[in-house]
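Going by this note's numbering, the sequence shown opens with residue 1137, and the numbers climb by one from there.
Let me begin by presenting the structure, written as structure tokens, before commenting on it.
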Amino acid sequence: MPAALRVEGLGCNVIRHLLTLADLTAAEIERIFSIAEDLKAKFEKGLREPLLPGRVMALLFEKPSLRTRVSFEAGITHLGGSSLFLGREVGFGSRESIADFARMLGEYVDVVVVRANRHQTVADLARHCTCSVINGLTDFGHPCQALADLYTIRELIGNLRGRTLAWVGDANNVARSLAVGCGKVGMSMIMATPKPYQFDEKSLTWIRRNAPGLDLTITTDPVEAVRDAVAIYTDVWASMGQESEREARRVEFVPYQVNAELMSHAQKGAFLMHCLPARRGEEVTDEVLDGPQSVVVQQAANRLHAQKGILAWLLAAKA
Ligand code: CP
Ligand code: NVA
């Protein structure tokens, strides 16, 4: 069996997956952040510490990606390992069962990053896989994004505990991951979302179960949301897979655009976050996305460092 995280005290190799942030404790998130911070500082001095020599990561993507794919591939290379991007010809979901596919992958590689249309696909793969599985985005969540986002806020303001993140827009995959992430690191979250697009009861139950300490406010008023926040976060109104709903959503979401007028209600020093790609002129204006409050480039750059933290934590026995 390829490398898996050795969990001290259990006397065995336990395969850890990162399917949602519910898979990590607050201490583990902090550990990933501190590995990422160390690796980032070394990287900025020109050092690429080979913590994972010979380790192999596969990427299996059912949807397009720039940031997630490239940052994972670059990240494992910096760490001395290598990556395989598995294209359509491997026949994922068509040539054989997910269980058979997963069992084979585990014989060849140490970790697989999966971007899937349905969260269940990633969960099924993990159930049968003998290597670690990382969720690289599903309809349900985007945990690696949320980790990089919280890492970025930590880098910008230091202590996260007691601070507020404002989400303005659709209660989507990224929002769901951030909600649990905020709860784990002690941040509050306030979401301004049109009623029909707010979290449903099932999502709220899942969030409350996995982040019981989270202080979550849900409103329909974007101004109320941004007023006390250190970070104002938005994302596309229609995610990948929801393209047919784009026009209907646009009608509902127009009052939720993050523009200079909305930002004028935020605290001085509050910053604008977006996971990207953005639909400029819809959820965010050019003026704000390219303006002085925007940290989106730092945020995207940190995908690389946060994911190196995840990989090193997951795969290096003594990271
Ligand atoms: N933010 C993000 O995951 O970007 P990609 O879809 O380009 O990977
Ligand atoms: N919510 C977006 C995030 C893209 C990174 C989507 O799922 O398309």
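Cβ atoms here follow ideal geometry from the backbone N, Cα and C, with glycine treated the same way.
- R1203 and F1237 have their C-alpha atoms spaced approximately 26 Å apart.
- K1176 counts as buried, since at least 16 other C-beta atoms from the protein chains shown sit within 10 angstroms of its C-beta.
- In this structure, H1278 has its CB closer than 7 Å to one or more heavy atoms of the ligand CP.
- Around P1189, the same chain offers G1216 as residues with beta carbons nearer than 6 Å, after the five sequence neighbours per side are excluded.
- The continuous alpha helix (DSSP H) containing S1170 extends over residues A1162 to E1180.
- When the alpha-carbon of F1208 is set against those of L1155, E1198 and M1193, the nearest one is in M1193.
- The Cβ atoms of A1347 and A1315 sit closer than 8 Å to each other.
- In this structure K1199 touches N1253 by the C-beta definition: roughly 7 Å separates them, less than 8 Å.
- Comparing alpha carbon positions, the residue from T1329, K1181, G1377 and G1298 closest to D1364 is G1298.
- Where M1240 is concerned, the enclosing alpha helix (DSSP H) starts and stops at I1234 to Y1244.
- Note: I1270 is bridge-paired with L1154 and V1249 in the DSSP secondary-structure output.
- S1380 and R1184 have their C-alpha atoms roughly 44 Å apart.
- Pairing V1248 with V1226 gives a Cβ-Cβ distance that is not under 8 Å.
- The ligand NVA has a heavy atom closer than 7 Å to the beta-carbon of N1309.
- If you keep only unbroken beta strand (DSSP E) runs of at least 3 residues inside the region 1382-1417, you get 1407-1410.
- Contact annotation: E1419 and V1394 have beta-carbon atoms nearer than 8 Å.
- By the neighbour-count criterion, in which a residue is buried when 16 or more other Cβ atoms sit within 10 angstroms of its Cβ, V1390 is exposed.
- Bridge pairing for L1196: L1222 and V1250 [DSSP].
- Per DSSP, the continuous alpha helix (DSSP H) segment holding S1339 begins and ends at E1337 to N1346.
- Excluding sequence positions up to five before and after I1293, its CB lies within less than 8 Å of the CB of R1299 and V1366, all in the same chain and listed in chain order.
- Scanning Y1392, D1422, F1169 and M1327 for the CA closest to the CA of L1286 turns up F1169.
- DSSP, reduced to helix, strand and coil, places A1328 within a strand of the structure shown.
- Residue state for W1449 is assigned as helix, using DSSP reduced to three classes.
- Here P1332 is exposed: its Cβ has fewer than 16 other Cβ atoms, across all protein chains shown, within 10 Å.
- By the CB criterion at 8 Å, L1340 and M1325 fall outside the cutoff.
- When beta bridges are read from the DSSP output, A1367 appears opposite L1301 and F1407.
- In the structure shown, V1359 adopts helical secondary structure according to DSSP, grouped into three states.
- DSSP lists M1327 as the beta-bridge partner residues of I1354.
- In the DSSP annotation of this structure, the continuous segment of the alpha helix (DSSP H) that includes Q1281 starts and ends at P1279 to I1293.
- Within the DSSP bridge table, the entry for V1420 names V1394 and R1416 as partners.
- Taken through DSSP and simplified to helix, strand or coil, S1207 comes out as helix.
- As a beta-bridge residue in DSSP terms, S1430 pairs with L1408.
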